[in-house]
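Enquirer:
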Amino acid sequence: MRMLVVEDDVEAQRYLVNGLRESGHVVDDAADGETGLTLALSRPYDVAVIDRMLPKLDGLRLVQELREHGNATPILFLSALSEVDDRVKGLKAGGDDYLTKPYAFVELLARIDALMRRRQPSAVKTRLQVGDLELDLLTRAAKRSGTAIDLQPREFRLLEYLMRHAGQVVTRTMLLESVWEYHFDPQTNVIDVHISRLRAKIDKGFEPALLQTVRGAGYMIRAKP
Amino acid sequence: MLGTPLFRTLAFRIVLAYVALFALSAAALVGFTYWNTKRALDAETDQTIQAEIAGLSEEYQRQGLGGLTDVITARSMHAGQGLYLLVGSLGHPLAGNLDAWPTVRRSVGRFVEFDYERRVAGTLERHPARGRVFKLVGGLQLLVARDTHERSETERMFTTTLPWSVGLMLTLGLIGGGLMSRNLLRRLDQINSTSREIMAGHLSRRLPLSRAGDEFDTLARNLNRMLERIERLMKGMRQVTDSVAHDLRSPLNRLRNRLEGALKRLPPEGEESAEIDAAISETDRLMATFDSLLLIAEAEAGAARNSMSRVDLSALAHDVWELYAPVAEENGIELDMAEALPLEVRGNGNLLSQALANLVDNAIKYTPAGGRVTIAAEKNGQGTVLSVADNGPGIPIEDRPRAVERFVRLEASRHSPGTGLGLSLVAAVARLHDARLELSDNHPGLKASVIFA
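Residue numbers (my numbering), protein chains in the order written: chain A, 123 to 347; chain B, 274 to 726.
1. Nearest CA to the CA of residue 410/B: which residue from 360/B, 434/B, 391/B, 443/B?
2. What number of angstroms, rounded off, separates the C-alpha of residue 224/A from the C-alpha of residue 695/B?
3. Residues in the region 307-333 of chain A with C-beta within 7 Å of chain B's C-beta atoms, listed in sequence order?
4. By Cβ distance, which residues of its chain are closer than 6 Å to residue 706/B, with the 5 residues on each side in sequence left out?
5. Can we say the region 313-332 of chain A touches the region 595-615 of chain B, given the rule of at least three CB pairs closer than 8 Å?
6. Within the 8 Å Cβ cut-off, does residue 147/A reach chain B?
7. What whole-angstrom Cβ distance do residue 155/A and residue 188/A have, given they're in contact under 8 Å?
8. Got a sec, what are the start and stop residues for the alpha helix (DSSP H) residue 346/B sits in?
9. Out of 544/B, 481/B, 291/B, 662/B, point me to the one whose CA is closest to residue 449/B's CA.
10. Just to confirm before moving on: does the CB-CB distance between residue 247/A and residue 256/A stay below 8 Å?
11. Relative to the C-alpha of residue 570/B, which candidate in 383/B, 510/B, 451/B has its C-alpha closest?
12. Looking at the C-beta of residue 211/A, does it have a partner C-beta in chain B at a distance below 8 Å?
13. I'd like to know if residue 664/B contacts chain A, where contact means its C-beta is closer than 8 Å to some C-beta of that chain.
14. Determine the direct distance from the alpha carbon of residue 292/A to that of residue 595/B, and round the result to whole angstroms.
15. When you compare the CB positions of residue 185/A and residue 149/A, do they come within less than 8 Å of one another, or not?
16. Of all the options 268/A, 289/A, 297/A, which has the alpha carbon lying nearest to the alpha carbon of residue 279/A?
17. Let me know if residue 281/B comes out buried or exposed under the rule of 16 or more other beta-carbons within 10 Å of its beta-carbon.
18. Counting Cβ pairs, one atom from each stretch, are 3 or more of them under 8 Å apart for the region 463-478 of chain B and the region 491-510 of chain B?
19. Give the DSSP bridge partners of residue 530/B, in chain order.
20. Touching or not, the region 659-674 of chain B and the region 704-722 of chain B, by the rule of three or more beta carbon pairs under 8 Å?
21. With a threshold of 8 Å between beta-carbons, can residue 133/A be considered close to chain B, or not?
22. Assign residue 246/A to one of three DSSP states: helix, strand, or coil.
23. Residue 719/B to residue 637/B, Cα distance in whole Å?
24. Count Cβ pairs between the region 323-334 of chain A and the region 607-614 of chain B that sit closer than 8 Å; are there 3 or more?
25. Could you pull out every residue in the same chain whose Cβ sits closer than 7 Å to the Cβ of residue 254/A, ignoring the five residues on either side in sequence?
26. Is residue 252/A near residue 344/A, with beta carbons less than 8 Å apart?
27. So if DSSP puts residue 653/B in a beta bridge, which residue, or which two residues, is it bridged to?
28. Return the chain-ordered list of same chain residues with a C-beta closer than 6 Å to the C-beta of residue 195/A, the five sequence neighbours on each side being excluded.
29. Whose C-alpha, out of 334/A, 217/A, 193/A, is nearest the C-alpha of residue 290/A?
30. Roughly how many angstroms lie between the CA atoms of residue 218/B and residue 305/A, to the nearest whole one?
31. Could you spell out where the alpha helix (DSSP H) holding residue 639/B opens and where it closes?
32. Verify whether the separation of the beta carbon atoms of residue 203/A and residue 221/A is less than 8 Å.
33. Sort out for me which residues DSSP pairs residue 334/A with in a bridge.
34. With a cut-off of 8 Å, does the C-beta of residue 126/A fall near any C-beta of chain B?
35. Buried or exposed for residue 587/B, going by 16 or more other Cβ atoms inside 10 Å?
36. As a quick exercise: from 287/A, 337/A, 281/A, pick the residue whose alpha carbon is nearest that of residue 324/A.
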């Protein structure tokens with residue numbers, strides 16, 4: 123995948139670029155807003171990672187101009203500003219996701235992954251399937267190997283999100299933001315408990331286990347280990 | 274101020290008091306003048322009568338009855354206000370301008386008051402009079418009196434006009450007072466409504482100045498100057514938090530990046546990687562503390578007031594309950610949610626959720642297994658209340674005020690994880706919503722309530 127990283131903090135940029143290259147991506151970089159905008163307009167990228175505070179041209183303005191030029195590259199904002207207000211401003215300006223510094227690299231990768239997949243056009247799905255686990259989005263029913271599984275509404279949303287991102291790492295923050303719509307980190311690790319309950323419902327008594335914990339990152343649902 | 278009845282405003286009450294005082298003193302002044310004039314007039318009448326009697330008695334002594342009769346007749350001819358009547362021992366008139374001995378209405382000392390009929394411009398009128406009776410030898414009686422009609426007219430004028438003029442004065446005073454206080458109230462209203470807007474977060478608003486250059490303008494100018502200072506300070510604070518956020522997050526970001534990089538190069542099961550893993554967690558905890566501090570500062574600056582909307586506290590409480598219910602069960606605690614009707618307040622949903630999550634988190638942390646924690650959103654006598662009650666050890670009453678201070682961790686909680694900012698954040702979020710955080714005894718346990726005014 124081809125990516126653009128616009129970040130003025132030299133060390134953070136090097137780390138980010140190296141990390142992304144190690145993960146098998148092709149990365150271009152820019153250290154200020156103007157260069158970033160020129161690059162973004164000159165060639166196609168699958169994803170752009172843009173810092174909000176940039177010299178010459180602020181990250182928000184960069185994205186606004188990009189969108190005004192009809193450029194639809196998925197954009198992930200990186201920011202030292204953590205308030206919900208700042209997030210809203212970032213998304214309004216045309217950003218697709220917002221990640222607050224400091225972030226875990228796996229969190230960044232997981233979000234980039236999610237952004238790139240979202241870009242691929244897919245027909246409106248009414249059924250999701252991972253291995254022998256099926257989720258009917260219309261009747262809100264879940265089945266594993268033909269056995270009906272009883273899910274609470276929130277468990278259903280949690281499973282739906284995991285299955286929509288099957289084969290991808292989904293972090294706890296992503297789950298909190300998408301399933302619970304909370305933009306803060308509860309002190310206790312509440313998500314883990316919800317996952318273990320869901321796991322008890324969909325994996326207990328079945329083989330193989332579909333819902334896996336990715337150490338230091340989050341969770342992933344997939345058919346083949 | 275709008276909506277307060279006029280008569281309940283301070284300005285109007287002051288005006289009213291002044292009008293009343295003025296009317297009272299005016300009435301007293303007029304009353305005193307009246308009383309004094311009346312006394313002077315009475316004294317004058319009495320003196321005239323005394324003098325005439327003295328003159329007549331002298332005449333009588335010098336020239337006898339004949340002389341007296343002549344003088345009386347002469348005086349009666351061109352007497353203006355003077356009334357004379359000399360009667361014989363049987364009561365028949367001998368001389369004078371009164372037809373018959375009048376019926377005495379009232380006698381004051383040696384003086385008598387009576388009414389008599391007088392021909393004025395061809396018609397008979399009853400006029401009051403005041404006089405004195407003088408007894409002569411041989412049963413003769415002399416009445417010397419003066420017509421007091423004009424005086425009583427003056428008196429009557431006084432007594433009838435006085436209430437009217439006082440009444441008029443009061444009415445005019447009240448109308449004037451009303452207009453004046455309305456004018457004052459309008460100025461105050463402008464100041465009040467602008468202050469309310471400013472308190473609601475529109476810090477750039479300023480109080481309007483009139484062209485009068487009066488005390489209100491001085492007040493408004495001073496307040497405006499104060500607001501400019503506050504705005505400058507708030508902007509400064511925002512800049513500081515923003516740059517602190519940037520300057521602290523960036524190095525923390527690099528630190529975390531380096532640790533992550535190092536972790537990748539190490540064998541996953543070694544002692545070193547466990548150490549580095551712990552260091553990463555420590556960075557995250559540092560960040561969480563730092564985030565909470567920034568959030569508290571933000572909430573206290575009130576900047577988030579601009580991003581408020583209608584929030585249903587019941588739904589919000591239900592969501593937090595749902596988030597924490599499995600964790601509570603895992604810890605052997607029963608987490609209850611008192612079902613409630615929709616309960617709307619104006620607020621920041623994310624901050625309120627976070628505040629409630631902090632309270633629930635604390636309650637679960639400090640309540641031993643087998644305990645019970647109850648979340649409630651209700652409207653009671655105190656107002657709209659969002660509360661979390663547990664039956665854990667509670668907080669002794671003397672420690673409660675300290676519990677909400679930043680970084681204060683009471684002895685009992687020193688060994689559990691946490692930043693020591695949880696309750697301070699709740700208190701700051703409450704203040705942002707014009708609400709307050711109250712810690713009370715749950716008999717046993719702690720009840721933390723966020724009470725919306």
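Using N, Cα and C, we set each Cβ at its ideal position, and we do this for glycine too.
Expert: From the atom records:
1. 360/B
2. 21 Å
3. 307, 308, 309, 310, 312, 315, 316, 319
4. 620
5. yes
6. no
7. At roughly 11 Å, the Cβ-Cβ gap does not stay under 8 Å, so residue 155/A and residue 188/A are not in contact.
8. 283-350
9. 291/B
10. no
11. 510/B
12. no
13. Under the Cβ criterion of 8 Å, residue 664/B is not counted among the residues facing chain A.
14. 21 Å
15. Taking 8 Å as the Cβ cut-off, residue 185/A and residue 149/A do not qualify as a contacting pair.
16. 297/A
17. exposed
18. When C-beta atoms of the region 463-478 of chain B are compared with those of the region 491-510 of chain B, three or more pairs fall below 8 Å, so the two segments count as touching.
19. Residue 530/B is not bridged to any residue.
20. yes
21. yes
22. coil
23. 11 Å
24. no
25. 266, 267
26. yes
27. Residue 653/B pairs with 656/B.
28. Taken in chain order, the residues that qualify are 167, 170.
29. 334/A
30. Because chain B spans 274 through 726 in this model, residue 218/B falls outside it and cannot be assessed.
31. 622-639
32. A distance of 8 Å or more separates the beta carbons of residue 203/A and residue 221/A.
33. 342/A
34. Not one chain B Cβ lies under 8 Å of residue 126/A.
35. buried
36. 281/A
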